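Novice: This is the structure, below, for whatever I ask next.
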Amino acid sequence: MADIRTCAEAFFAFFLAVSLPFCGSASGATAQNSVKVDILYESKCPFCFSWLKEELHPAVEHLGDDVLRKANIVFDPLPFGNAKEIPDGKGGFSFECQ
1 MADIRTCAEA FFAFFLAVSL PFCGSASGAT AQNSVKVDIL YESKCPFCFS
51 WLKEELHPAV EHLGDDVLRK ANIVFDPLPF GNAKEIPDGK GGFSFECQ
C-alpha cells in the first residue's frame, strides 16, 4: 500500500500533466490563466496541520518552485473552524470566530 506522501506526489504529478498543456508561458502568465488550488483545513486540528507540514509541504518542495511557476499554480490555504454566522442585514454575513 502506498503511503500518503507517495499519493500526494502522484496527485501533483497527475495535476501538472493535465494542467501544463493549458497554461501559458511563465513570463506571460496572468491571474486569468493560473490554476488556483484551494486547500481547506480545520485551523485547530493537529492532524490537518500535520498533513500540511509533513505531507503537502514536502511534496510541493519536491516538485520545485520552477515547476509550479511554469504551470502557474497558486495554492490558497483556507482555514476554517468553529465560527458563528451573523447576517449583516444586507444579504451578506459576517463571521465571529472562537
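First residue of the sequence shown? That's 1 in our numbering, and the numbers climb one at a time after it. A virtual CB, placed ideally from N, CA and C, is assigned to each residue, including glycine. Fair warning: this is a prediction, and the values are worked out from it, not measured in the lab.
1. Check for me: the alpha helix (DSSP H) holding Leu68 runs from which residue to which?
2. Does the stretch 85-93 come into contact with the stretch 39-55, if we say contact requires no fewer than three beta-carbon pairs (one atom in each stretch) closer than 8 Å?
3. Out of Glu61, Cys48, Asn33, Arg69, which one is the CA nearest neighbour of Ala79?
4. Looking at the secondary structure, which residues open and close the beta strand (DSSP E) in which Leu40 lies?
5. Assuming Val74 and Lys36 are in contact, meaning their beta carbons sit under 8 Å apart, how far apart are those beta carbons, in whole angstroms?
6. Using only CA atoms, which one of Arg69, Leu63, Asn82 lies nearest to Cys45?
7. Is Lys90 helix, strand or coil by DSSP?
8. Work out the CA separation of Phe93 and Glu85 for me, nearest whole Å.
Specialist: The answer reads as follows:
1. Residue 68 sits at position 68 when you count from the first residue of the sequence shown. Looking at the DSSP string, the run of the alpha helix (DSSP H) that includes Leu68 is 65-71.
2. no
3. Here the question's residue 79 lines up with position 79 in the sequence shown. Per the sequence shown, residue 79 should be read as Pro rather than Ala. Checking every option, the nearest Cα to that of Pro79 belongs to Cys48.
4. Within the sequence shown, residue 40 is the residue found at index 40, counting from 1. Looking at the DSSP string, the run of the beta strand (DSSP E) that includes Leu40 is 35-42.
5. Counted from its first residue, the sequence shown places residue 74 at position 74. Counted from its first residue, the sequence shown places residue 36 at position 36. Val74 to Lys36, Cβ: 5 Å. Contact.
6. For this step, residue 45 is matched to residue 45 along the sequence shown. With distances taken between Cα atoms, Cys45 lies closest to Asn82.
7. Here residue 90 is taken as the residue at index 90 of the sequence shown, counted from 1. Residue state, collapsed to three classes: coil.
8. Here residue 85 is taken as the residue at index 85 of the sequence shown, counted from 1. Here residue 93 is taken as the residue at index 93 of the sequence shown, counted from 1. Approximately 6 Å, taken between the alpha carbons.
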